[in-house]
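For reference, the structure discussed in these notes is given below.
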Amino acid sequence: MASQVKVQQIAVSDKLCKGCYLCIWACPWDVLEISEERNWRGVKKPYAARIDQCRACRLCEWYCPDFALQVIVDEKEKRELLEVEEKYERPWLERVRKRDEIIKEGVWWLED
Amino acid sequence: MIPEAEFEHVLAKKYMRTEIMPHAFCPGCGLGIIERMILMAFEELGQEEWDRTVFVSGIGCSGWTPLYFRRDAAHTLHGRALAFATALKASRPDLNVVVVMGDGDSMGIGGNHLIHAARRNIGITAIIATNMLYSLTGGQMSPTTPEGARTNTTPYGNIEPNFDLMELLKAAGATYLARWTTYHFIQAKNSIKKAVKHKGFAAIEIVFQCPTYAGRYILNRPDPRDMLQWFKENSIPLGVAKNKSPEELKGKIIVGEYLHRTDRKEYTERLRELEERAKGKGR
Amino acid sequence: MRIEVMISGFGGQGVVLSGAVLSQASVLSNYYAAATYTYGPEARLGSTRSEVVISDEEIDYPKIISPDYWIAMNQMSLNTFSKRYPLDKTVILADSSMIKYFNPVEGKVRAIYKIPATDEAERLGNRLVANMLMLGVFVTVSGIIPLENLKEAIRRMVKPQFIDLNLKAVDRGKEIGESLLKGVKV
Amino acid sequence: MYVEPGTHLMQGDEAIVEGALIAGCRFFAGYPITPATEIAERMSRRMPQVGGVFMQMEDELASIMAIIGASWAGRKSMTATSGPGYSLMQEGLGYAIITETPVVIVDVQRGGPSTGLVTLPSQGDVMQARWGSHGDYATIALAPSSAQDMFDLAIKAFNLAETYRNPVIILADEVIAHVREPVKVPPHEEIEIVERRKPTVPPEEYIPYLPDRGEWVAPMPAFGEGYNVLVESVMHDEFGHRIGTDHVAAERTIKRIYYKIEKNVEKIAMYEEKYMDDAEIAVVAYGSTARTALRAVREARNQGIKAGLIRLITLWPFYDRLIEEAANQVRAIVVPEMNMGKIVREVDRASKGQAKVISVPKVGGVLHHPDEILAAIRSAVR
Chain A
1 MASQVKVQQI
11 AVSDKLCKGC
21 YLCIWACPWD
31 VLEISEERNW
41 RGVKKPYAAR
51 IDQCRACRLC
61 EWYCPDFALQ
71 VIVDEKEKRE
81 LLEVEEKYER
91 PWLERVRKRD
101 EIIKEGVWWL
111 ED
Chain B
1001 MIPEAEFEHV
1011 LAKKYMRTEI
1021 MPHAFCPGCG
1031 LGIIERMILM
1041 AFEELGQEEW
1051 DRTVFVSGIG
1061 CSGWTPLYFR
1071 RDAAHTLHGR
1081 ALAFATALKA
1091 SRPDLNVVVV
1101 MGDGDSMGIG
1111 GNHLIHAARR
1121 NIGITAIIAT
1131 NMLYSLTGGQ
1141 MSPTTPEGAR
1151 TNTTPYGNIE
1161 PNFDLMELLK
1171 AAGATYLARW
1181 TTYHFIQAKN
1191 SIKKAVKHKG
1201 FAAIEIVFQC
1211 PTYAGRYILN
1221 RPDPRDMLQW
1231 FKENSIPLGV
1241 AKNKSPEELK
1251 GKIIVGEYLH
1261 RTDRKEYTER
1271 LRELEERAKG
1281 KGR
Chain C
2001 MRIEVMISGF
2011 GGQGVVLSGA
2021 VLSQASVLSN
2031 YYAAATYTYG
2041 PEARLGSTRS
2051 EVVISDEEID
2061 YPKIISPDYW
2071 IAMNQMSLNT
2081 FSKRYPLDKT
2091 VILADSSMIK
2101 YFNPVEGKVR
2111 AIYKIPATDE
2121 AERLGNRLVA
2131 NMLMLGVFVT
2141 VSGIIPLENL
2151 KEAIRRMVKP
2161 QFIDLNLKAV
2171 DRGKEIGESL
2181 LKGVKV
Chain D
3001 MYVEPGTHLM
3011 QGDEAIVEGA
3021 LIAGCRFFAG
3031 YPITPATEIA
3041 ERMSRRMPQV
3051 GGVFMQMEDE
3061 LASIMAIIGA
3071 SWAGRKSMTA
3081 TSGPGYSLMQ
3091 EGLGYAIITE
3101 TPVVIVDVQR
3111 GGPSTGLVTL
3121 PSQGDVMQAR
3131 WGSHGDYATI
3141 ALAPSSAQDM
3151 FDLAIKAFNL
3161 AETYRNPVII
3171 LADEVIAHVR
3181 EPVKVPPHEE
3191 IEIVERRKPT
3201 VPPEEYIPYL
3211 PDRGEWVAPM
3221 PAFGEGYNVL
3231 VESVMHDEFG
3241 HRIGTDHVAA
3251 ERTIKRIYYK
3261 IEKNVEKIAM
3271 YEEKYMDDAE
3281 IAVVAYGSTA
3291 RTALRAVREA
3301 RNQGIKAGLI
3311 RLITLWPFYD
3321 RLIEEAANQV
3331 RAIVVPEMNM
3341 GKIVREVDRA
3351 SKGQAKVISV
3361 PKVGGVLHHP
3371 DEILAAIRSA
3381 VR
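Chains as they are written, first to last, in the working numbering: chain A, 1 to 112; chain B, 1001 to 1283; chain C, 2001 to 2186; chain D, 3001 to 3382.
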């Protein structure tokens, strides 16, 4: 039963997904399946096996405890995601990177 | 297509310390869902509210919950989150102080601070994540462990009755009370929104799934999906529960908004009035 | 010069307040003063003691080594402390309304003045001002502190509604002190 | 608003309250306990008058956490307690240390162990002030000897707390808390007050626990100022993120919070010497005992014994060099304390065998009699 909504992508993070499959449990439309293969983290990620059935209700997103999954409906949503990344995440990671750099050089109170 | 290797949800990109994620919770742990409830509530409340919100937590798995937010946050001592938060709110009444605690943190070691925060009716939002046992230490009995349950410190079955947090806090003087489970995503999120805006002590108990310990020891459902299914099937809305007998309610989670009263003055308002009275009096 | 004044009694007799007032009066008279007190856990009727050291130089040891004056307000403290301190130079001002047996100190001290302070205070309207009456006797007998400075200290430290009564008690104390100095039995 | 300049007859606990208010203390949380209750009582009256917050908490566990919370809200904060309450505060004290939170804790010592001698003085908590909380850390503890000290050291304590972002403990005792004596209050503008160093960089460049080269602590923002600080009780790195098993990062943090106190001992240590120039016997004392010791030293001088007094004002960090130098000068060091002998261990260690160290313990809730210390001085001469 194909949906009226055209969903572009259901992104599932290799970095964040721990493979609890609450998304699969939450999906009323039977969109997601467990992959056959393990990713580099050793997790068999869920993937959108039947994306044409997705109605973007986002229950899978809501019940994902790891912020690993997002239903990307269209280009606008994709653009928003990148904007948020640029505006909020990048400056923060910059702050973290600066810390790492200073620490790498060694801290002064442990010198001599 | 967005590459999936380093992908993070938009809420994580906006609000969270993604450099230390994935977070330390077990796969399927409900605390991540509680994090999302909080973030979605603030996404709806708007940037201005978020900018003046600070978080305080105690010790235990639940204590880690707000530490992933890019906000001022204090990871305090076991049970003492509310004492820290009380002073924070009393010193800066303009801030939204959100405290996340577990059942042991709030009702066990920190029980005294909990009832006194409620008694003062200080404007703190307490999110109490209940998983029915101590999980960080490896599955021991907590004040919410059901009677008869076997945990690592109740090998013959728990002989202690448990706390009803809602009744406890109602008697102590809290002015907003709600209980949900991680299954009740939208309702819990709405309650958090209400609680943040509420003037007075607000507590929201969220029963969440701990597949690793509560799932294995108490519910006999080690899969987080089965636990959520169990929450769905065994929670009864407050209105429906009123017409049921105690036998029918045994072992059920009664969810809903328990209390919302505005007739008790908030503590920091009282403090401000006190200051007015004291000023002008000599040394 | 170092003058040590001990005030002893039970809680509720105003022992702590009289130590505070005496130290204030001493400071007003340009002396250094240090007042400490020792008390039991009970709020009323426990054993209480004020130790006031008055000196013309900064005070090191703030406690009493051997009292120059001892205002004794009850029998128990008289019995207890007569054993604890050397008393050969001590002048005792005793509330003879409360103390009936003087054998623990008789013959050991420089002088004993017996003042029925509590009875006198009752006559003035309130037995609680016996402490101030005794201070009135003390400043008169010792001559260290001008009476006016004692009165000023009372005005500063006593609750407004009780100032007049306390001042009256001090004046009565002064009269008693003067007659004691003349050798008239009170 | 503040106590006026000039000389006032004040009780020690009144002096400490007035000193704290002048130092900028604007939050007090406490729980009643003899003999520290008067401090809370006075604070309850005075704090709202200066626009501060007084809170009587449900217990001492809450009190210490409250002052830490208030400190992160940007207020200078303080609590006051006595033995049993101080014991309860030890975990919170450790939290203040690991999170580098400036707070002032007054411990009006009474006789212990346990409920102990409720109304009587003691110096039994001296070692607890140094080692009371678990783990490795250094601490600052000051010992007042007079009502004047209570006033002065209250201000010093806040200054040290802000400078080193560390809790500072004022180890008073019942005698000093209750002694009523003249206190000189200098003109307010002459009082040195250290204000909290706030970050000058924007939040994107601020690293909460990473001091600049040559500095021991980072500037400290308050909650709600946009710096998004993680105040972390778990061993953390310079960003505040908890360390799981990174022992290198843990070592960095532990050593910094330890060194920032111990390596600055010369700057932190305060002491007072009397008759030490030609002294052959030194008495090392602190708190109310130092006054008894001074009396004994004067008595010894009257008897022709060249005795001198070193009064320790800063107990922790312990100023080894001071004692070592004294030990090289004198034949014996007499250490009277209202406990079974605590600081004497430090004196013995720091004197490196150069002088005979004599402990004069006193327990039971009473000051030494000057003659007891004099007897020890005389025994050292023989």
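Positions of the beta carbon are idealized from the N, C-alpha and C atoms, including for glycine.
Just to make sure I have the definition right: I need the residues of chain A whose C-beta is within less than 7 Å of the C-beta of residue i. Which are they?
| i | result |
| --- | --- |
| D/I3377 | Per Cβ cutoff of 7 Å: no residues; D/I3377 is ~43 Å from chain A at best. |
| B/T1018 | E89 |
Residues of chain D with a CB under 8 Å from the CB of residue i: which are they?
| i | result |
| --- | --- |
| B/R1071 | N3228 |
| C/G2040 | T3119 |
| B/K1252 | In chain order: nothing, as chain D lies at least about 33 Å away. |
What residues of chain B sit near residue i, judged by a beta carbon separation below 7 Å?
| i | result |
| --- | --- |
| D/G3051 | E1275 |
How many Å lie between residue i and residue j at the Cα?
| i | j | result |
| --- | --- | --- |
| D/V3381 | D/T3314 | 28 Å |
| B/A1126 | D/M3055 | 20 Å |
| D/T3099 | D/E3232 | 6 Å |
| C/M2157 | C/A2020 | 8 Å |
| D/A3154 | D/A3036 | 15 Å |
| D/Q2967 | C/E2051 | In this structure chain D extends from 3001 to 3382, so residue 2967 of chain D is not present and cannot be described. |
| B/R1080 | B/G1256 | 27 Å |
| B/F1208 | B/Y1217 | 15 Å |
| D/A3138 | D/P3317 | 7 Å |
| D/I3097 | D/P3167 | 7 Å |
| B/G1138 | C/R2049 | 57 Å |
| D/T3007 | D/P3186 | 9 Å |
| D/S3384 | D/A3143 | One cannot answer for residue 3384 of chain D here, as it falls past the ends of chain D, which runs 3001 to 3382. |
| B/A1195 | B/A1074 | 20 Å |
| B/R1221 | B/M1227 | 6 Å |
How should residue i be labelled, buried or exposed, when 16 other C-beta atoms within 10 angstroms of its C-beta is the threshold for buried?
| i | result |
| --- | --- |
| B/I1159 | exposed |
| D/H3134 | exposed |
| C/N2103 | exposed |
| A/A120 | In the structure displayed, chain A extends from 1 to 112; residue 120 of chain A sits before or after that span and is not available. |
| B/N1131 | buried |
| A/E36 | exposed |
| A/E105 | exposed |
| C/S2077 | buried |
Just to make sure I have the definition right: I need the residues of chain B whose C-beta is within less than 9 Å of the C-beta of residue i. Which are they?
| i | result |
| --- | --- |
| A/L32 | Within 9 Å Cβ-Cβ: nothing; A/L32 doesn't reach chain B, min ~12 Å. |
For residue i, go through chain C and note every residue whose CB falls closer than 7 Å to its CB, in chain order.
| i | result |
| --- | --- |
| D/P3370 | Y2061 and I2065 |
| D/V3175 | T2036 and P2062 |
| D/L2975 | Limits of chain D in this structure are 3001 at one end and 3382 at the other, which puts residue 2975 of chain D out of reach. |
| D/T3292 | Y2061 |
| D/L3367 | K2063 |
| D/G3178 | Here the sequence assigns His to residue 3178 of chain D, which means Gly is not the residue at that position. Under the 7 Å cutoff, chain C gives T2036 and Y2037. |
What does residue i reach in chain D if we use C-beta pairs closer than 7 Å?
| i | result |
| --- | --- |
| A/L110 | R3252 and K3255 |
| C/Y2032 | P3182 |
Who does residue i pair with in a DSSP beta bridge?
| i | result |
| --- | --- |
| C/Y2113 | C/L2093 |
| A/Q70 | A/A11 |
| D/H3008 | D/V3183 |
Going along chain B, which residues have a C-beta under 8 Å from residue i?
| i | result |
| --- | --- |
| D/E3060 | Near D/E3060 there are no residues of chain B at all, since even the closest Cβ is about 10 Å away, more than 8 Å. |
Taking residue i as the query, report the chain D residues whose CB atoms sit under 9 Å from its CB, ordered along the chain.
| i | result |
| --- | --- |
| C/A2117 | Correct list: empty, because the minimum Cβ distance to chain D is about 23 Å. |
Using 6 Å as the cut-off, classify the Cβ of residue i as near or not near the heavy atoms of the ligand PLP, replying yes or no.
| i | result |
| --- | --- |
| B/A1178 | As for the ligand PLP, it is missing from this structure, which has no ligand bound. |
Please list, in chain order, the chain C residues whose beta carbon lies closer than 9 Å to that of residue i.
| i | result |
| --- | --- |
| D/V3283 | Chain C residues near D/V3283: none, gap ~12 Å exceeds 9 Å. |
Three-pair Cβ contact test at 8 Å for the region 3114-3134 of chain D versus the region 3077-3091 of chain D: yes
Segment contact flag, the region 3270-3286 of chain D with the region 3327-3334 of chain D, C-beta cutoff 8 Å, min 3 pairs: yes
Segment contact, 8 Å Cβ cut-off, at least three pairs: the region 2012-2027 of chain C with the region 2140-2157 of chain C: yes
Segment contact, 8 Å Cβ cut-off, at least three pairs: the region 2010-2021 of chain C with the region 1262-1277 of chain B: Judged by Cβ distances under 8 Å, the region 2010-2021 of chain C makes no contact with the region 1262-1277 of chain B, as fewer than three pairs qualify.
The region 1058-1074 of chain B in contact with the region 1094-1109 of chain B per 3-pair CB rule at 8 Å: Output reads yes: the region 1094-1109 of chain B touches the region 1058-1074 of chain B.
Three or more C-beta pairs below 8 Å linking the region 83-95 of chain A and the region 42-56 of chain A: By the Cβ criterion, the region 83-95 of chain A is not in contact with the region 42-56 of chain A, since fewer than three pairs of Cβ atoms, one from each stretch, lie closer than 8 Å.
Any 3 or more C-beta pairs closer than 8 Å across the region 1106-1120 of chain B and the region 3104-3119 of chain D: no
Three-pair Cβ contact test at 8 Å for the region 2157-2170 of chain C versus the region 2129-2147 of chain C: yes
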